[in-house]
Structures are given as structure tokens and as C-alpha cells.
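Visitor: Structure incoming, see below.
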Amino acid sequence: FTIFRFADPDLPGVVYTEQLTSASYLDRQADVSRYAAAWDQLSGSSSPARESAGIIKAAVQALDRSAGRAQ
783 FTIFRFADPD
793 LPGVVYTEQL
803 TSASYLDRQA
813 DVSRYAAAWD
823 QLSGSSSPAR
833 ESAGIIKAAV
843 QALDRSAGRA
853 Q
């Protein structure tokens with residue numbers, strides 16, 4: 783999801799979500815607040831950027847090995 787915030791304080795935030803076959807724009811303040819809280823929780827519990835690349839690389843390698851065994 784993406785949260786759009788605007789410099790003009792009179793413009794409310796908007797959340798954009800994208801799925802496989804559709805997309806949604808959520809502009810109710812309650813929805814925007816829930817997504818902002820989810821973002822805060824995700825970013826607060828994620829690994830630092832320098833570590834993330836290694837974690838992702840290891841996961842891709844593990845998936846590649848797993849796919850190689852299944853063939």
C-alpha cells in the first residue's frame with residue numbers, strides 16, 4: 783500500500799492499495815489512520831536497510847534451491 787500525504791494541510795491523506803485484478807483509493811480518515819499505524823508498526827519492526835538486502839538475497843537463494851529440488 784501507498785499513503786499519499788499532501789503539503790496542504792486542508793487536503794486529506796489517501797491510501798492506495800493494489801491487488802492482482804483491481805486497485806482501491808481509500809480516503810476516509812479512519813482508513814488512512816489505520817494504514818499509517820500499520821506502516822509505523824512495520825517500519826519499526828523491520829531490519830535496518832543495510833541488513834535487508836542480505837535477508838532478501840538469502841530468501842531468494844533459498845527459494846531457488848527449493849525450486850531446483852522440486853523439478
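In this note's numbering, the protein residues as written are 783 to 853. Here a beta-carbon is modelled for each residue, glycine too, at the ideal position from N, C-alpha and C. All values derive from a computational prediction rather than experimental measurement.
To the nearest angstrom, report how far apart Val842 and Asp790 are at their CA atoms.
Guide: If you take the alpha carbons of Val842 and Asp790, they lie about 41 Å apart.
Visitor: Would you call the CB atoms of Ile785 and Tyr817 closer than 7 Å?
Guide: In this structure, Tyr817 lies closer than 7 Å to Ile785 by Cβ.
Visitor: Using three-state DSSP, classify Ser806 as helix, strand or coil.
Guide: Strand.
Visitor: If I measure Cβ to Cβ from Gln853 and keep anything under 7 Å in the same chain, skipping five residues before and after, which residues do I get?
Guide: Annotation note: pLDDT 47 at Gln853 (below 50); position unreliable, no value reported.
Visitor: Out of Asp792, Gln811, Phe783, Ser815, which one is the CA nearest neighbour of Leu802?
Guide: Cα-wise, what sits closest to Leu802 is Phe783.
Visitor: Span of the alpha helix (DSSP H) holding Gly826?
Guide: Taken as a continuous stretch (DSSP letters only), the alpha helix (DSSP H) holding Gly826 covers 811-827.
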